[in-house]
Amino acid sequence: MKILVLNGSPHVNGNTTAMVNAFKEGAESKGHTVEVIQVGTKQVKGCLACEYCHTKGNGKCIQKDDMVPVYEAIDTADMIVFASPVYYFGLSGQMECTLSRFYPYPIPKAKKYALLLSSMSPGVYDGIISQYKGTVSYFGAQDMGIITAHDPDNKSAAKLAEVKKLGASL
Ligand SMILES: Cc1cc2nc3c(=O)[nH]c(=O)nc-3n(C[C@H](O)[C@H](O)[C@H](O)COP(=O)(O)O)c2cc1C
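Dropping the structure here:
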């Protein structure tokens, strides 16, 4: 299975990235192909709601920014993982922009999804999990797992083992 991981953190060695790396290791150990795109370090603008993609754009977005290679990856992914730090009880702005840019697809090809979240505090995930579950359901897809990490579990061996296990369970 081809798995696309969208990492919404701007930190290349941060807590979210540690979870992403553990997930990748687990999934690759079972023969899956994992592509990680760290959208948190890229220039992806939010959807303009211009409807170009649904009209004369014929499924293509009018904005030619760093989302272009993400679209290419989404086109062939069997599974998509959203990984993000929690910012004010929501996804990072970069991840939120990326998600809004799924708009050209009626339904993405991927039929499996997972969610990895890192925060400082516990109990801050309800809004994101609700958004994620609603989106997965809207896509007619299956949730394969949700893992959250807060301090002091961020980057802990136990938490990373849990994430690796999720990757290896696919
Ligand atoms: C702008 C901003 C907003 C944040 N909001 C929250 C929050 O609402 N709740 C929380 O527990 N942590 C919050 N945090 C902390 C991060 O979620 C936390 O440090 C996370 O582990 C960072 O992941 P990273 O290392 O991948 O960037 C916030 C951090 C930033 C920079």
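228 is the number that our numbering gives the last residue of the sequence shown; the numbers go up by one with no jumps.
Built from N, CA and C at the ideal position, the CB exists for glycine as well.
Cys108 is classed as exposed because its beta carbon has fewer than 16 other beta carbons within 10 Å across all chains shown. Rounded to whole angstroms, Lys122 and Ala85 show a C-alpha spacing of 31 Å. Exposed is the label assigned to Lys118, since fewer than 16 other Cβ atoms lie within 10 Å of its Cβ. Remark: the shortest separation between the CB of Pro143 and any heavy atom of ligand 1 falls under 7 Å.
Distance from the C-beta of Thr99 to the nearest heavy atom of ligand 1 is not below 7 Å. If you draw a straight line from the Cα of Asp211 to the Cα of Lys217, it comes to about 6 Å.
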